[in-house]
Each structure stands twice: as C-alpha cells, then as structure tokens.
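Here is the structure we will look at.
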Amino acid sequence: MKFARSIRPYSCALLLVTAGACGALLTEATPDADLLDVPLDGLSSTDLAAFARGDAEFSRPFSVREGLGPIFNDLSCAACHSGDGRGRPENVLTRIGTPADGFLASLGGPQIQSRAIPGASPEVVPVGVTLSLRLPPPVFGVGLIEAVPEAALLALADSADTNRDGISGRPNWVVPAAYVPGLSGARRIGRFGRKGQTATLLEQTVDAYHQDMGITTEQHPNDNLHPNDPASASDRANDPEIPSATVAAVVAYLRMLAPPAPGPETPDAVRGRALFTQAGCSACHVPTLTSGDAPIPALRGRTVTLYSDLLLHDMGPRLADARPDGSATGTEWKTPPLWGLRLMTRFLNGQAFLLHDGRARSIAEAIDWHGGEADRARTHWLGLSPADQRALLAFVGSR
Amino acid sequence: MSGTRTAIRSLCTTSILTALCVLGAPAHAQATDTTRADTVARPFVRGGVYDKPFLTRIGGRSVIGGYAEAQARYERVDGRREQLGFEARRFNLFANARVSDFVRLGAELEVEDGGREISLEFAAIDVRVHAAFTLRTGMLLSPVGRFNLAHDSPLNEFTDRPLVSTQLLGVALSEPGIGAFGQFRAGGGGRLTYEAYATNGFHDGLILDSPDGTRVPRGADNFEDNNTTPSFVGRVAWSAGPAWELGISTHVGPYNTSRVDGAWIDRSRQVHIWALDAEGTLGGITASGEAAIVDVDVPEAMRGVFATRQSGAFVDLVRPFGRGWVRTMPGSAFAFKARWDLVDFDRALAGDSRQQFSAGVNFRPTQDTVLKLDFVRGRARDRFNNAADHAFALFSIATYF
Numbered sequence: 003m004k005f006a007r008s009i010r011p012y013s014c015a016l017l018l019v020t021a022g023a024c025g026a027l028l029t030e031a032t033p034d035a036d037l038l039d040v041p042l043d044g045l046s047s048t049d050l051a052a053f054a055r056g057d058a059e060f061s062r063p064f065s066v067r068e069g070l071g072p073i074f075n076d077l078s079c080a081a082c083h084s085g086d087g088r089g090r091p092e093n094v095l096t097r098i099g100t101p102a103d104g105f106l107a108s109l110g111g112p113q114i115q116s117r118a119i120p121g122a123s124p125e126v127v128p129v130g131v132t133l134s135l136r137l138p139p140p141v142f143g144v145g146l147i148e149a150v151p152e153a154a155l156l157a158l159a160d161s162a163d164t165n166r167d168g169i170s171g172r173p174n175w176v177v178p179a180a181y182v183p184g185l186s187g188a189r190r191i192g193r194f195g196r197k198g199q200t201a202t203l204l205e206q207t208v209d210a211y212h213q214d215m216g217i218t219t220e221q222h223p224n225d226n227l228h229p230n231d232p233a234s235a236s237d238r239a240n241d242p243e244i245p246s247a248t249v250a251a252v253v254a255y256l257r258m259l260a261p262p263a264p265g266p267e268t269p270d271a272v273r274g275r276a277l278f279t280q281a282g283c284s285a286c287h288v289p290t291l292t293s294g295d296a297p298i299p300a301l302r303g304r305t306v307t308l309y310s311d312l313l314l315h316d317m318g319p320r321l322a323d324a325r326p327d328g329s330a331t332g333t334e335w336k337t338p339p340l341w342g343l344r345l346m347t348r349f350l351n352g353q354a355f356l357l358h359d360g361r362a363r364s365i366a367e368a369i370d371w372h373g374g375e376a377d378r379a380r381t382h383w384l385g386l387s388p389a390d391q392r393a394l395l396a397f398v399g400s401r
Numbered sequence: 003m004s005g006t007r008t009a010i011r012s013l014c015t016t017s018i019l020t021a022l023c024v025l026g027a028p029a030h031a032q033a034t035d036t037t038r039a040d041t042v043a044r045p046f047v048r049g050g051v052y053d054k055p056f057l058t059r060i061g062g063r064s065v066i067g068g069y070a071e072a073q074a075r076y077e078r079v080d081g082r083r084e085q086l087g088f089e090a091r092r093f094n095l096f097a098n099a100r101v102s103d104f105v106r107l108g109a110e111l112e113v114e115d116g117g118r119e120i121s122l123e124f125a126a127i128d129v130r131v132h133a134a135f136t137l138r139t140g141m142l143l144s145p146v147g148r149f150n151l152a153h154d155s156p157l158n159e160f161t162d163r164p165l166v167s168t169q170l171l172g173v174a175l176s177e178p179g180i181g182a183f184g185q186f187r188a189g190g191g192g193r194l195t196y197e198a199y200a201t202n203g204f205h206d207g208l209i210l211d212s213p214d215g216t217r218v219p220r221g222a223d224n225f226e227d228n229n230t231t232p233s234f235v236g237r238v239a240w241s242a243g244p245a246w247e248l249g250i251s252t253h254v255g256p257y258n259t260s261r262v263d264g265a266w267i268d269r270s271r272q273v274h275i276w277a278l279d280a281e282g283t284l285g286g287i288t289a290s291g292e293a294a295i296v297d298v299d300v301p302e303a304m305r306g307v308f309a310t311r312q313s314g315a316f317v318d319l320v321r322p323f324g325r326g327w328v329r330t331m332p333g334s335a336f337a338f339k340a341r342w343d344l345v346d347f348d349r350a351l352a353g354d355s356r357q358q359f360s361a362g363v364n365f366r367p368t369q370d371t372v373l374k375l376d377f378v379r380g381r382a383r384d385r386f387n388n389a390a391d392h393a394f395a396l397f398s399i400a401t402y403f
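Read top to bottom, the protein sequences are chains A and B. According to our numbering, the first sequence is numbered sequentially starting from 3. According to our numbering, the second sequence is numbered sequentially starting from 3.
Written out as structure tokens, the structure reads:
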C-alpha cells in the first residue's frame with residue numbers, strides 16, 4: 003500500500019509525459035492565433051458548416067478537364083494566397099490598361115494570363131504599355147471590411163484636405179456589376195483590390211475565378227479567351243464550370259475569416275503605438291472602424307482593428323504605377339490594412355513581401371517607399387532615433 | 003487349398019493397404035469426389051460454355067487464388083484534421099493456367115475499397131521459347147522499379163506502399179503491350195534477367211486530369227493509345243544470389259496527342275522515367291529500396307505550375323525475430339521494420355514534396371499471412387514550402403489464399 007502510494011506521483015508524471023510525447027508524436031496543432039484561416043468568433047454551427055464548405059472550395063485546384071483556362075495564372079485560390087495570407091513575387095499578377103483605353107482588352111488586359119492549356123496560347127505583356135504588378139493580398143478579415151458602413155469611410159474622407167494636414171483621403175467610387183444583388187447601378191465605395199477598385203466580395207471572387215484560373219461562373223459564363231489568337235483553343239468543360247453554390251460558399255468563407263489578433267503589448271510596442279500616432283501614420287492607417295449591418299450576425303457591430311481608412315491616397319511618384327483604376331489615379335493607392343503583419347512571414351518561408359508588388363522586404367523598407375501624402379510621416383520616421391524606430395517597428399510588426 | 007486362399011487374401015489385403023499408404027490423400031479424394039473433367043466427344047455447342055479447354059483438357063492446371071487486405075487507420079494532420087476509419091482495402095483474385103508446356107496465362111483482378119475500384123491489373127499470355135526468351139502480351143505490369151512487379155499486400159511489410167510507388171509512378175502501373183522477358187546465367191549462382199515491352203504508355207491526363215500539377219499516375223490507363231506511338235518500358239536486373247538483386251529500369255514514350263486527322267497540333271511530348279532498385283540481406287536484415295526520376299516535357303505555357311522534373315526514393319529495412327515464440331504457431335515469426343520515404347513533385351521548387359518515416363512490427367502466423375502495426379510520421383510541403391506534419395497509426399491484416 004505504502005509502495006503504491008509512493009509510486010503514484012511518478013506514475014502520474016510518467017502518464018503526463020507519455021501523453022505529451024504522444025501529442026507531439028501525433029503532430030501538434032498550431033494555435034489559432036498563429037493562423038490566418040480561422041473563423042470569426044460567434045459563428046453559428048450553420049455558419050461554421052458553410053465556412054468548412056467554402057474552405058474546401060477555396061483550396062480546390064482545378065484541372066484542365068475541370069475547366070482550368072484556356073488562359074490562366076494559377077490552379078486555385080489557395081495557390082496565390084499562401085495560408086490565406088499574401089502571395090509571393092512568383093504569384094504576382096500583371097495588370098495593364100486604364101479605364102480610358104478599355105483596359106487594353108484587345109491586348110490581353112486588364113490582367114495578363116501568362117499560362118495556357120495545351121492548344122491555347124498564353125498572353126504576353128505587350129510592348130510599350132504601362133503595367134502594374136499586383137501581389138495577391140491577404141484575404142482574412144475581408145468580411146469585416148465589407149461590413150464597415152460607407153458613412154464611416156466618408157467621415158474619414160477629406161479629399162480637399164480642408165484640415166491642411168497634407169492627407170486627403172477619398173473614396174474610390176465604383177459601380178458594382180449588374181449581377182450583385184441589390185446594388186445594380188448604384189455607386190458604391192470600392193474597398194477591395196490595391197486601389198479599392200472593387201466594391202463587393204462577390205465581384206472580387208468571380209473575377210478571380212475568371213481572370214486568375216479561367217473558371218467560368220454564372221456571373222462570367224464565357225471562357226476568358228486569348229484576344230489575339232483566334233486559333234487558340236477553349237477548354238472543353240461545360241460552362242459555367244462551377245455553380246453559383248460554389249461561388250456563394252467561397253464568398254461566405256471569405257466573409258467569415260477572422261483577422262489575426264494583435265500580438266502582446268510589449269513595452270516597445272506600447273511606445274511604438276504613441277510614436278505611430280505622433281508621426282501621423284494613423285491619419286491614414288486608422289486603427290479602428292466599426293462594422294455595421296451584415297448578412298452574417300457575427301460580423302455586425304464589431305470593432306475592426308484593421309489600421310486603414312480604406313480610402314485612396316496619393317503616395318508619390320516612387321510608388322506610382324501610372325495606371326488609373328476606377329476613380330483612382332496612377333499615383334493613388336488604397337491604404338492597406340496593417341492587421342496580420344505579425345504573421346506576414348509565417349506562410350512565406352520567413353520572408354516578407356510588402357506593398358502592392360511585394361518590393362519591400364521589411365516594414366522599414368515599406369515605410370521608406372512612402373511618399374506623396376505620406377511624405378510628412380516618412381520624414382518624421384526618418385528623424386526618429388534608432389531606438390524609437392525600433393519601437394515603432396515593434397508596434398507595427400505586432401499588429 | 004484353404005492355406006492358398008488365406009495366402010491370397012493376405013496378399014490382397016497387404017497390397018490394398020500398401021496402395022492406400024502410397025496414394026494417401028488422392029485415394030481418399032477419389033473415394034469421395036466422383037466428378038470428372040468434361041470429356042464429351044461432341045459438345046452441346048462447340049466452343050460453348052462447357053466446351054472450354056480448362057474444363058476439357060487443361061483440367062487441374064488452371065488455378066485460382068489471391069490475397070485480401072483489411073486495415074484500421076488513424077490519421078492526424080497538423081494536430082487538427084483527424085480521421086479514424088476501417089478499410090476493406092483490397093481483394094485481389096489471381097488466375098493462372100498452364101495451357102501447355104510452352105504457354106501460360108496469368109491474371110490478377112483487383113477489387114479495391116469494397117468494390118469502388120475494380121481493375122484488371124494483370125492478364126498476360128506467355129509463350130516460352132527458351133529460358134532466355136518468353137514472349138508476353140496482354141495487360142502487363144510495367145517493369146518500372148521492382149516494387150511495381152511485386153507489391154502484394156501479404157508480401158509488402160508495410161501497410162502503405164512507398165510514396166515513390168504510389169504517388170510518383172502509380173503502382174500498380176499496368177499497360178496493354180507486347181514484348182519479352184528472359185534470364186541468363188551470370189557466373190556462379192548469379193543471373194541476369196530482363197523484361198522489355200512496347201506499350202501504349204501514358205496519356206495526357208498526367209497534366210490535363212491533374213489539379214495538383216504534374217502527376218504521372220493520372221496518365222495511366224491508356225487503353226487505346228492516344229498518339230499511335232508506342233512507349234518502351236524495360237528493366238534489367240542482376241543478382242549474385244537469391245538474396246541480392248540490383249535492377250535498373252526505364253519507361254519512355256510520348257504522352258500527348260500530337261496529331262489529329264493527320265494534322266500536327268503539337269509536337270510529340272515525352273515522359274521519361276528512370277528507376278533504380280536494389281534488394282539484399284546482410285546480418286539478418288533485409289534492405290530494399292528504389293529511387294526514381296521522372297522527366298515530363300510539359301508545354302511551355304503550363305510550366306511553373308506543372309513540374310517538368312520529379313523524383314522520389316524509399317528504403318526499407320526489415321529484421322525478423324521471434325520465430326516460434328508463439329508456441330501454438332510454430333512457423334510464426336515477428337519482424338521489426340523501418341522505412342524512409344521521399345517524393346519531390348517539383349524539383350524546381352523548394353516545396354511541393356512529401357517525406358516520411360515509418361516504423362513498426364509485424365507478426366506472421368505463417369509466411370502467407372501478416373499482421374502489421376505501423377506508425378508513420380512525416381511532413382508535406384506545399385508549393386509555398388509551408389509544412390504540414392502528419393502522423394498515421396495503422397493496423398492491417400493481409401493474407402494470400
């Protein structure tokens with residue numbers, strides 16, 4: 003009895019160690035906080051089931067026989083958005099043309115599809131045209147972005163810079179496609195895409211299927227063909243190649259993707275937050291917005307800590323692509339959200355690819371590229387002591 | 003007279019007992035089985051259902067057998083996705099007929115996953131001219147690596163087949179074709195064997211049917227050659243003795259449809275597979291392994307997402323022990339086993355690969371039946387080189403019958 007009592011603690015410890023080892027042996031889960039593809043809190047079981055369906059569709063690659071192409075950039079949504087985050091330079095998309103020239107549709111615009119199925123010709127970038135490279139952005143939190151009321155964005159706009167702070171954010175007004183329910187012909191603020199050229203997740207999704215993968219939907223029922231190669235083959239899959247239910251599942255999935263929570267508030271990060279505001283960064287990278295009405299209850303009335311005003315700003319000649327889009331000019335870009343920067347290298351082999359074309363390999367480098375309306379903030383940044391710069395970077399890098 | 007009768011009775015009794023002792027079971031079988039082969043002089047329908055050589059002439063030289071395998075699997079990926087289930091994995095039927103001293107037919111019909119997949123894996127007619135030359139035609143097991151030629155579950159020490167075989171080459175890889183095989187003496191107890199066939203090869207499904215990039219198994223089952231140009235598959239193996247063998251094999255040929263109605267629509271695009279296999283026993287440990295490289299001439303416009311070069315390899319180590327430990331099964335034996343497995347689906351990328359280590363223990367009540375307990379731990383990398391860890395715990399039973 004005495005012996006049994008004496009070995010009990012050791013037995014318990016051995017069991018715990020064994021259980022722990024077994025967990026490691028059978029693979030261990032990455033904490034939700036370190037992932038980019040987790041659902042929002044507060045979703046119903048019905049919503050979670052829809053989330054799982056959409057997740058599978060988002061990851062689903064297409065074969066040629068299933069409708070891939072005839073011209074395309076990649077095989078699936080997930081093939082460009084690594085872990086539902088940003089892409090790599092290998093996935094960069096090339097956009098050409100402007101609204102004035104019809105996005106050079108006769109030359110392959112608005113987006114060059116550099117790959118093609120057998121029998122079809124890939125598009126090549128035409129010589130002498132202005133082109134803009136676009137890195138696939140992260141897709142988490144987009145449901146909350148969609149749910150921010152237009153009034154909240156308009157309240158932040160100051161297109162005439164009436165307060166003379168050098169910041170003149172303005173919305174990119176766009177007209178949603180006719181197939182978007184309830185918005186036909188109505189002018190809306192664009193909030194997706196690097197220039198905010200798209201107003202709804204439905205458009206963003208069906209355009210990506212059509213342009214990036216060559217997958218037809220009920221919204222885009224015709225194959226995206228090479229404009230200058232009439233002999234180029236179409237694919238043999240029946241159109242539309244995916245049903246509306248698939249599109250709806252992916253849109254629902256995107257809406258329900260949670261943004262990553264910020265990291266711990268270290269002393270450096272706390273100091274960096276104050277410096278961020280002092281430097282004027284928060285004039286465009288507005289820390290929080292609040293969502294309004296939304297089709298999914300869990301999206302309604304939430305604090306959205308995206309660090310963006312979702313408005314267009316002139317970023318100066320060094321970042322300019324000279325390619326207007328919607329009402330955005332060739333020097334304007336939508337303020338990119340900073341949420342998730344804590345995990346920006348998590349699914350990219352420890353590498354960072356920031357700004358619209360992935361040219362910046364660190365947050366500091368991205369700040370250095372700022373110009374135009376952000377010139378004053380950049381100058382402030384350059385004037386900071388190394389310790390203060392480190393603190394500011396710690397703050398931004400912890401979002 | 004009486005003595006003579008007694009002597010004759012005694013002789014008869016002795017003769018009958020001797021005959022019974024010598025003939026044994028056949029005598030007993032004859033006593034209980036009164037059926038005979040059909041030997042009707044004039045069949046009801048000439049060549050009809052009861053007028054087949056296996057009934058009328060080949061008789062006992064047609065045999066049927068096979069193997070069955072069932073397993074329980076627990077799988078976990080990245081500590082999140084879990085799967086626990088049971089599979090009636092395979093039920094394969096063998097048929098074999100020695101038609102004459104020179105002609106033989108072998109066949110294997112595979113029923114997988116409870117009947118979801120049924121395929122004629124092998125059905126070949128062999129016409130033996132000489133030990134060095136046997137003509138073979140039919141549905142052939144392609145001699146690409148040794149594992150494709152000998153992959154029966156009761157023979158394989160692991161529940162799962164090697165990655166290079168399943169995911170890179172697509173075991174069981176069988177193709178319609180014609181060719182020859184044979185063997186030569188090669189000094190001492192050694193021998194040199196060869197197999198060489200012309201086959202239909204692969205079809206363009208290896209890129210057109212595959213949503214994951216280039217996958218050779220997707221181009222199998224080319225029952226009607228899509229390009230009217232045969233592929234060539236062959237293997238040469240040298241063994242110094244029964245316990246050692248070294249083989250090299252290749253599979254080369256076009257996979258795409260390059261001409262339609264006589265008009266060229268694309269140039270002929272080739273798949274080229276090289277495989278090296280080896281097996282040997284030393285110090286009671288049997289080591290076997292295989293390495294393969296696949297080169298695919300992918301259309302230029304699909305490169306970047308469809309790989310042009312892939313590779314893979316595995317090494318198995320098996321150490322039997324405990325023969326006769328189970329007293330009720332004197333012929334039984336245990337075995338420790340370990341396997342390292344790697345497949346790289348795109349040599350041009352850092353990712354798009356899978357690597358795993360398997361270990362476990364087997365118990366064979368007899369040589370023909372095996373109970374396998376496996377643990378597999380590995381890591382898959384996507385095209386971004388993001389890692390996903392996986393672990394499997396597997397238990398399976400496989401037996402010949």
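Glycine is no exception: its CB is placed at the ideal position from the N, C-alpha and C atoms. Remember, it's a predicted structure, so these values are computed and weren't measured experimentally.
Query                                                                                                                                                                                                        : Result
Using a threshold of 7 Å, state whether the C-beta atoms of B/A280 and B/P232 are closer than that.                                                                                                          : no
So, A/G216 versus A/N226, is the Cβ gap smaller than 7 Å?                                                                                                                                                    : yes
With a 10 Å radius around its C-beta and 16 neighbouring C-beta atoms as the bar for buried, classify A/W341 as buried or exposed.                                                                           : buried
Which residue wins for smallest C-alpha separation from A/D163, given the options A/P326, A/A188, A/L384, A/L314?                                                                                            : A/L314
What's the gap between the Cα of B/G81 and the Cα of B/W342?                                                                                                                                                 : 22 Å
Say whether chain A places a C-beta atom closer than 7 Å to the C-beta of B/S260.                                                                                                                            : no
Along chain B, which residues have their Cβ under 7 Å away from the Cβ of A/V94?                                                                                                                             : By Cβ distance, chain B contributes nothing, its closest Cβ being about 12 Å from A/V94, past 7 Å.
Taking just the CA atoms, how far does A/S234 sit from B/D297?                                                                                                                                               : 27 Å
Please compile the residues from chain B whose C-beta is within a distance smaller than 7 Å of the C-beta of A/R117.                                                                                         : A303, M304, G306, V307
Here's the rule I'm using: 16 or more other beta-carbon atoms within 10 Å means buried, otherwise exposed. How should B/H132 be labelled?                                                                    : exposed
If you draw a straight line from the C-alpha of B/A400 to the C-alpha of B/A72, how long is it?                                                                                                              : 7 Å
For A/N174, name the three-state secondary structure that DSSP assigns.                                                                                                                                      : strand
Should B/T20 go down as buried or exposed, given a rule of 16 or more other Cβ atoms within 10 Å for buried?                                                                                                 : Its pLDDT being 47, under 50, B/T20 is placed unreliably in this model, and the value from its coordinates should be taken loosely. B/T20 is exposed by the Cβ-count criterion.
Check whether the Cβ atoms of A/P264 and A/R401 sit closer than 7 Å, and answer yes or no.                                                                                                                   : yes
For B/A309, which three-state DSSP category applies?                                                                                                                                                         : coil
Roughly how many whole angstroms lie between the Cα atoms of A/R97 and B/T230?                                                                                                                               : 42 Å
Could you tell me which uninterrupted beta strand (DSSP E) segments, each at least 3 residues in length, are contained entirely in the stretch 85-170 of chain A, listed from first to last along the chain? : 95-98, 133-136
Could you give the first and the last residue of the continuous beta strand (DSSP E) run that contains B/I275?                                                                                               : 272-284
Tell me the rounded alpha-carbon separation between B/R381 and B/H392.                                                                                                                                       : 6 Å
Using only alpha-carbon positions, find the residue among B/F93, B/S102, B/F124 that is nearest to B/G108.                                                                                                   : B/F124
Quick check on the burial criterion: 16 or more other C-beta atoms within 10 angstroms. Buried or exposed for B/I120?                                                                                        : exposed
Ends of the alpha helix (DSSP H) at A/Y255?                                                                                                                                                                  : 246-258
Of all the residues that make up the stretch 76-99 of chain B, which are near chain A by a beta-carbon distance shorter than 7 Å?                                                                            : R78, V79, D80, G81, R82
Quick one: is B/G291 buried, meaning 16 or more other Cβ sit within 10 Å of its Cβ, or exposed?                                                                                                              : buried
According to the Cβ coordinates, are A/L146 and A/P128 closer than 7 Å?                                                                                                                                      : no
Starting from B/G179, follow its DSSP beta bridges and name the residues at the other end.                                                                                                                   : B/G140, B/T201
Could you name the residues of the same chain whose beta carbon sits closer than 8 Å to that of A/L45, not counting the 5 residues immediately before and after it, in chain order?                          : F53, M258, I298, A300
Report the neighbours of B/I267 on chain A: residues whose CB is nearer than 7 Å to its CB, in chain order.                                                                                                  : G121
Is the distance from the Cβ of B/R325 to the Cβ of B/R349 below 7 Å?                                                                                                                                         : no
In three-state terms, what does DSSP make of A/L350?                                                                                                                                                         : coil
Could you tell me whether the Cβ of A/F349 comes closer than 7 Å to any Cβ of chain B?                                                                                                                       : yes
Whole angstroms is fine: what's the gap from A/T290's alpha carbon to A/P33's?                                                                                                                               : 25 Å
Nearest-angstrom Cα distance between B/S167 and B/G286?                                                                                                                                                      : 26 Å
Is the number of C-beta pairs between the stretch 235-252 of chain B and the stretch 209-223 of chain B that are closer than 8 Å three or more?                                                              : no
Closer than 8 Å by C-beta to B/S270: which residues in its own chain qualify, once you throw out the five before and the five after it? Chain order, please.                                                 : N229, T231, P256, N258, S260
Closest to A/D377 by CA distance: which of A/H228, A/A251, A/I169 is it?                                                                                                                                     : A/I169
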